[in-house]
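Protein chains in written order, with full-length UniProt numbering: chain A, 1 to 440; chain B, 1 to 440; chain C, 1 to 440; chain D, 1 to 440.
Every residue, glycine too, gets a C-beta built ideally from N, C-alpha and C.
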């Protein structure tokens, strides 16, 4: 068995510095999501740092009351944060690396996970619209540019509305004059209180053909659109998560993005799904980090020596936190690497993005929840008060397993199919469209 | 709640390639220990690749019989592998990044963990002697250069002998004419069957002062040195792990490295301890990878659909394997970054190396064992035969928790003391020297 | 390896019934807390069954609003439930086996854990006062009889008030005329909204001697006593858990129970601590059972086949639920066995009660939380709404680890000290009294 | 929150004994498999106790060499142990409760798990043959009586041979004159070195009908039967587990038991499968207990205080061991209760036996392995020697997951189908017969 002696002892007087030659090594260590690796990423962190104290102070009350921190987001708008992921040439801050987006979300989530979750919606939208602006057909590019410029000015706040409410399917049908009419109801739309637009997942059945998938972009003041208050979450209660109802909302043809068809098994779509969601790993890393910091702070203030179980749990907490940050960072860096690889087979690129994301997501969800739980155990009964920060974190951290893509069950299906070479439609929007309504 | 629509759908005909502008991102992604990031590292992988089939074929029989693969190591010597971590200017291959050392060990461990464990001893020695050659006092530099040149030629094979056998402490005493006499017994000396030299941890009590720690380098043919066969491991059975006895072995003064004193609490020594051991994480990642590959291969050959539990376990295996590789990679890259930072406070540098290493080690040990166990469960009863490769892997993987530094218990003490700001002597050689013999 | 053929096949026509001789076997199988094993226990279940629908219906709203179900408890009083554990000769229902108490609490907790937790306070009080009535000195017997008779009539509702609020210690000092004055503040007093009396843990420093521990019984209308609303829990929100303040409350000498002295290491006290708390294991078993039933009910209503992960998790849920019920049942039966064993050494009796209780408590807490978490995962995102029953159960179940005796950290200390033969004061009231206030 | 004061304090001088009235409670507490609950069970423990020192002493060498302890079994034969489960009226010891069989196996497994595993084959055979003797058709009763009487005299040692070797199916075909000819190969036949008879699972295809399942009982000296040495296990290496080959072995019609047909979904067969295997839970409980005792013994001998991680792990070990014993005990008592219930619907009886067994088996396998692993971690590197008792236990304990019925994957399928009401053939002999050979 290998055991080692130390090589670091130095006779007194040995010069520490010298003309070292040492090998090339990764210039930007993946680190553990500690800091941004690009200039725009660093700029974003600097701007956000000014907001963190207020975000942290408001986290408790907003959680208790389920209040969305609208004023924080208005300040974000004024200072360019809502356009952080808009390209610089369109007036944005130009953060395009998901690693750096995740670091920013981690910092915000340490102060308040709900704020980070809502902010992610906007950051993610900037990145996916930038893709449309660069690669879409001309009308889409025009639409994307208009929206991105408005985001950069802090004038557009754009939410995704994906999940149907109950058993009803949200549908788009031709209005007879080249446009569309949208009807249905969506649930779990985050950042909705201040949204100016919604990107809505919708189906349009075609006679004799497959059901087509679309994403109409609907302005908030569109006739027939109503925002429905009512959802109250176990956690993430200040994320402004609401329902939307559409009653024959008119949508111009130019405001509708095509999203393929149901059952068209294409792994290429995995790329967009991974890109638009992977940065959320930073949120759960931030929640775990905040819990760990609270626990350590509490224990070190105590005058008694920590008991055996506290030392053991603190070591496990530290190791798990380190590991979940490494797993998330690995997935983020891998996806950032693959993102510009349009030379690759699109299906392969999609899979090579989604697989590390799903591996990391499964473990981040498990480890972050374990870290927070152990922090409550270490600190003790005081954490069982509704408004104790650790109680809030223990509710917030549980959101991770329900984030798309995928849930735990779908993640198991995806990963096992991938590893074992089984057939599977990996497009979760398509999967959901084909499931019975009671199993979506 | 944030759920997302896909941005990857593209209208047919959209050009995939374009003149992209995308932000700087880490040029050498930390990845997941998939490949080397330096030229010497890549060269080492190329050379090793030629040996892997034979190593893999011999793994089973050598494990059964407890036979060290001496011929493989002789070939390693002829092809420069035993000098892989010797600087190029001394005739070696010049691999100096621990990340790349770990990737090489991972590859070998996929074929046979015992071979990788033994090889690590030599790789680690190359790195620590290079440090002595660059930073030691003149006599030490001379000694180090001599040994390194011999390693590069495949003529020197140098083992560490750290752990005392039983309750006896290995001691060095002056021979009265400027040299030393070494007596004691060491256990768990890996790669011993082909060793030409041993670096032995020893104590020298000083009247009225603290006990000093030394590391005499003892040639195999030194009078009084005997190699004692007898240890038979639960796993890692082909690693050539033996005991050594020293009966007043003469050691010249110039062949003795100073190692500080017992109880001199210095975190600087953590750097050398981390550097000399962290690459072993690659070994356990390799064992887990080999188990996963065997399980996947077996399941995909079966004609029946995999049962629910197999799909769930395969997904968990994939996610855990990904995560343990990410954790190990993160620690390796961090230590490679800090390795040349002689500008830093030595204590801080030591801690900043050891902490990520211990976090990664704790989790790699846990996750790698879980991966292998689940692979046995998925494959079924056939794995319960002594010579099934998965049975071997399940024995090999359990060595990780006993590797220095630290065991699980000491790792918990180290990490919790670090996090909570408790006083602790972090030098495990010193710790061990002060413990009762029955608790080392 | 042992594999077995089936012995149950029967040739057609074989008579199934016969004149069997079979060996004696345990007449009352420990079962898994499925049903009561005594007549009074069965009677209690029958009475409770009538209340369960209303308790279940009120669970959600009461949790949301933090409302104590006072009307339910008034009905309990009218129907003798509040005197369930009062001896029949004093007018009570005569349930004296903790196994049956736990089964009753399990049933109630399936409907609402908060109600069960509050009810436990009364059930436990009946049992401990019965002990005082049987074994106390004459004045204590008289006091106990008076209170027990009032409980049986539904007129006395008696809470424990153990934990000091903040850093202040609740103290008893002589009033100069043979009685006492009580001052201090208690937190986490359950069932307080309807309490008629409080049993308060207090200290009385003695000049030159050890601090003595007392438990004054204080009527709600005592001058100087105020009930302080304000605590809002992460879960168990309808349990009526409040703070109490005592400002020189007069307490007659006859209403004060002696509780030994700080630091008087006596394992005999473990018996009372185990007896007064072990039935709470039934509450957490009930929470886990309710979560499992909700998850199974939801999955079986879905039209799609359950995915692989759902089948795996459902099997794990079933096995863990079975196991935690078996562990709880084992501890309850063991304590019921030892309860009348006054022939034994009191210290040994205390340890032999507390050890299985702590083993079961540690695992019930772990397994019940895992069961509930997995149920949320299986059912999906709908459970993440604040008022989803599974969200409530996931908050309620986490109370278990903070219940006395012991917390996880103290449980680890107790069990390891017991197993390894280390010295330790096992009286948690005494332990707490000697700790710095910030570590209690 | 409920916290409790202690009720056990007693004023000095209070009489401890009194004329107690306390309620009925389970007379034979299920306990935790500590001791037998029937007279024959206690007698068996007494006889076995005399053998334990030798069994314990031989465990290490027999494991190393893969030697079956034939002499121990010869002594068992002389002292009636091999007829322990034979009815007293046929000359046996008359142990018929599975709880007591499991306690006996637990005791033996604490000394040597291999011996216990082999002994289980004989104990189980006694119980299943007793069933045939009582309920079979007249020729079967006669056969069963003859074999049982021989077991009681120590002259018959009867192994099960269930699992086919490789892809070949063991088949029975008519010999043309009323008897049968048996051909095929079986693997993993435990206790084979001393077997006098083998009960072989075989199929007989019928033209135009379902494949019928039979269990011919084949004497060791039957022409065409050969015992094939060669299997060497990861653990359970002294259990005498071998392969058997049958080359047209003649079997008289009267020596063949009918076992239903492939695909005849009948839950009644679960009863026999549960009865014949559930006592093996005692073996894994014994392995875990032995590991715990070794670890505790080692730690308590050390002069240093146990580190934090050791205290935490020891507490976890104690709690898990307690819990796995409780789970096993619960399943055993439940099956003993149901065993004589021929009044019940046979399908329901089968399910009500198998479900607790599978719940307990899943958790016993998980918890016992965790206990043993943690024991190695606590004790340290010394346990990594091939012949360290804890190394042996860590190999032995892993057999549990491969024991029939069921493997982990089949157990998940069974339990989830049961809980969710899914269709499934629960007869594992039938399941295996219908699977592709590469997935059995």
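Report task. Could you spell out the range, first to last residue, of the beta strand (DSSP E) harbouring residue 194 of chain B? Result -> Here residue 194 of chain B belongs to no beta strand (DSSP E), and DSSP marks it neither H nor E.
Requested in this report: Can you tell me which of A:34, A:260 and A:348 puts its alpha carbon nearest to the alpha carbon of residue 209 of chain A?
Outcome: A:260
**Report entry** residue 391 of chain B vs residue 283 of chain B beta-carbon contact at 8 Å
**Finding:** Contact: no.
**Report entry** Beta-carbon neighbours of residue 309 of chain A, restricted to chain D and to distances below 8 Å
**Finding:** Result: 308, 311, 312 and 315.
Query raised in the report: How long is the line joining the alpha carbons of residue 213 of chain C and residue 201 of chain C, rounded to whole angstroms?
Result: 7 Å
**Report entry** 7 Å CB neighbourhood of residue 448 of chain C in its chain, flanking five on each side removed
**Finding:** In the structure as shown, chain C starts at 1 and stops at 440, and residue 448 of chain C therefore has no counterpart that could be examined.
Query raised in the report: What is the C-beta distance between residue 198 of chain D and residue 244 of chain D, in whole angstroms, given that I count them as a contact (C-beta under 8 Å)?
Result: 6 Å
Requested in this report: Could you tell me whether any Cβ in chain C is nearer than 8 Å to the Cβ of residue 302 of chain B?
Outcome: no
Report task. Quick one: grab the DSSP three-state call for residue 256 of chain B. Result -> In the structure shown, residue 256 of chain B sits in a strand (DSSP, three-state: E or B).
Report task. Tell me, please, whether the CB atom of residue 354 of chain C is closer than 8 Å to any CB atom in chain D? Result -> Not flagged as an interface residue toward chain D: residue 354 of chain C, since no C-beta distance is shorter than 8 Å.
Query - Unbroken alpha helix (DSSP H) run spanning residue 389 of chain D, endpoints - result: 389-396
Requested in this report: Please name the residue in C:52, C:424 and C:96 whose C-alpha comes closest to that of residue 267 of chain C.
Outcome: C:424
**Report entry** residue 282 of chain C: first and last residue of the uninterrupted alpha helix (DSSP H) it sits in
**Finding:** 281-301
Query - Residue environment, residue 434 of chain D, which counts as buried when at least 16 other CB atoms sit within 10 Å - result: exposed
Query raised in the report: Comparing alpha-carbon positions, which option in C:165, C:311, C:67 and C:368 lies nearest residue 118 of chain C?
Result: C:67
Report task. Verify whether the separation of the beta carbon atoms of residue 120 of chain C and residue 333 of chain C is less than 8 Å. Result -> no
**Report entry** 8 Å contact criterion, which residue 396 of chain B and residue 317 of chain B should meet: CB distance rounded
**Finding:** No, residue 396 of chain B and residue 317 of chain B are not in contact; Cβ-Cβ is about 17 Å, not under 8 Å.
Report task. With DSSP as the reference, label residue 184 of chain D as helix, strand or coil. Result -> If DSSP states are grouped into helix, strand and coil, residue 184 of chain D belongs with the strands.
Query raised in the report: Which chain C residues sit within Cβ distance under 9 Å of residue 318 of chain D?
Result: 355, 358, 359, 362, 415, 416, 418 and 419
Query raised in the report: Between the UniProt domain "Acyl-CoA oxidase/dehydrogenase middle" (171-249) of chain B and chain F, which residues of the former have a C-beta closer than 9 Å to a C-beta of the latter?
Result: In the structure shown, chain F does not exist; the protein chains are A, B, C and D.
Query raised in the report: How would you call residue 142 of chain C, buried or exposed, if buried means at least 16 neighbouring beta carbons within 10 angstroms?
Result: exposed
Query raised in the report: Does any CB atom of chain A fall closer than 8 Å to the CB of residue 34 of chain C?
Result: no
Requested in this report: Please state whether DSSP places residue 208 of chain C in a helix, a strand or coil.
Outcome: Residue 208 of chain C falls in the coil class under three-state DSSP.
Query - Partner residues on chain C for residue 169 of chain A, Cβ-Cβ distance less than 9 Å - result: Chain C residues near residue 169 of chain A: none, gap ~15 Å exceeds 9 Å.
Query raised in the report: With C-beta atoms as the reference, is residue 400 of chain A less than 8 Å away from residue 106 of chain A?
Result: Not a contact, by the Cβ cut-off of 8 Å.
Query - At least three beta-carbon pairs within less than 8 Å, the stretch 164-178 of chain C to the stretch 129-142 of chain C - result: no
Report task. Can you say whether residue 123 of chain C is buried or exposed, counting buried as having 16 or more other CB atoms within 10 angstroms of its CB? Result -> buried
Requested in this report: Mind reading off the beta-carbon distance from residue 139 of chain A to residue 254 of chain A? Whole number of angstroms is fine, and I expect it under 8 Å.
Outcome: 5 Å
Query raised in the report: What in chain A is Cβ-close to residue 411 of chain B, meaning under 9 Å?
Result: 315 and 319
Query raised in the report: Of all the options D:274, D:215 and D:411, which has the alpha carbon lying nearest to the alpha carbon of residue 336 of chain D?
Result: D:274
Query raised in the report: Taking C-beta to C-beta, are residue 363 of chain C and residue 323 of chain D nearer than 8 Å?
Result: yes
Requested in this report: Check whether the stretch 217-237 of chain C touches the stretch 181-195 of chain C, taking contact to mean three or more Cβ pairs, one atom from each stretch, closer than 8 Å.
Outcome: yes
Query raised in the report: Taking Cβ to Cβ, would you say residue 320 of chain B is nearer than 8 Å to residue 281 of chain B?
Result: Not a contact, by the Cβ cut-off of 8 Å.
Report task. Verify the CB distance criterion: does residue 406 of chain A have a CB-CB separation below 8 Å to chain B? Result -> no
**Report entry** Residue range of the unbroken beta strand (DSSP E) whose run includes residue 161 of chain B
**Finding:** 158-161
Query raised in the report: Can you list the residues of chain B that residue 377 of chain D reaches, using a CB-CB cut of under 7 Å?
Result: Those are 401 and 408, listed as they occur along chain B.
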